[in-house]
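Our numbering puts the first residue of the sequence shown at 5, with every later residue one more than the last.
Here is the structure we will look at, set down as structure tokens.
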Amino acid sequence: MTQEMERWRYPRFFSESIDVDNSVIFVNEEDTKHIKTVLRMKKNDKAIICDKNGNDYLCTLKSIEGVAVFGIESFRKNSAEPDVEITLYQALPKSDKLEFIVQKATELGAVRVVPYVSKRCVSRPDKKSAEKKLVRLQRIAYEASKQCGRGKIPEIADFTDFKSAVNSVGDDTAAIIFYECGGVKTSELDLSRKKIAVFIGSEGGFEREEVDYALSRGFTAASLGERILRCETAPIAALSVLMNLTGNL
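Written out as structure tokens, the structure reads:
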């Protein structure tokens with residue numbers, strides 16, 4: 005690890021209250037509580053504050069009365085953000101597996117996660133439950149972004165249905181549906197575009213008619229090998245491979 009990398013290895017927070025002109029940054033009450041009670045930071049301790057747009061500020065704690073106030077020492081572009089925008093479209097799994105998937109997708113560099121209901125989904129939360137889950141998932145993405153050094157916090161989109169998810173993919177995006185019954189090898193995918201949409205099924209996989217619909221909309225069916233992966237393993241494998249193939253891992 006280089007000396008420059010060591011210089012930026014401090015607790016990380018996100019803030020939208022950055023006053024560059026006066027070289028100060030304010031963090032919110034929740035993060036202030038974490039700074040006080042968990043990290044037990046003291047005046048002049050250092051931290052990295054990110055503006056959620058890929059800019060990092062190396063800072064020194066100036067005050068912890070009320071909300072924490074940091075003074076800016078230096079600035080750099082965040083180095084952890086990939087140069088490709090991958091959106092993970094994940095069919096709703098059972099229990100709390102989606103929380104694990106969101107956490108790992110954040111660590112692997114996804115810019116967005118879109119949960120959707122497909123024909124074989126067992127989990128079908130009502131509107132109130134979905135809204136509650138969404139708040140939890142957004143929190144997980146926030147915490148994972150801090151932990152792994154991201155410069156942006158992935159968006160967790162509202163829950164939707166399969167066809168709406170497919171139809172939301174833009175023409176400027178390489179759209180891939182990972183199908184357990186086969187498709188092209190990942191090494192054969194055209195990844196020349198900077199936006200990629202990745203569709204992963206639930207525990208039961210996809211119905212053939214769903215795959216056919218995606219193909220009719222310009223998607224490419226791809227395979228993650230001969231072994232059938234669990235629905236929480238497949239997105240990790242897919243994102244890891246795609247990040248590697250695009251030079252971001």
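By construction, the Cβ of each residue, glycine as well, lies at the ideal position given by its N, Cα and C atoms.
DSSP, read as helix, strand or coil, puts D216 in helix.
Counting every other CB atom within 10 Å of its CB across the protein chains shown gives C54 a total of 16 or more, marking it as buried. Around the Cβ of I105, a 10 Å sphere holds 16 or more other Cβ atoms; the residue is buried. Looking at the backbone, the Cα of I90 and that of A161 are separated by about 14 Å.
Between S206 and N57, the alpha-carbon positions lie close to 32 Å from each other.
Annotation for A109: the continuous alpha helix (DSSP H) segment containing it runs 101-111. Straight across, the Cα-Cα distance linking R221 with T177 is about 12 Å. Shown here, A134 sits in a helix according to DSSP, grouped into three states. Nearest to E192 by C-alpha distance, out of A226, V215, K199, A148, is A226.
Bounds of the beta strand (DSSP E) holding T91 are 89-95. With respect to the C-alpha of P119, the residue from E159, P86, K137, T164 having the closest C-alpha is T164.
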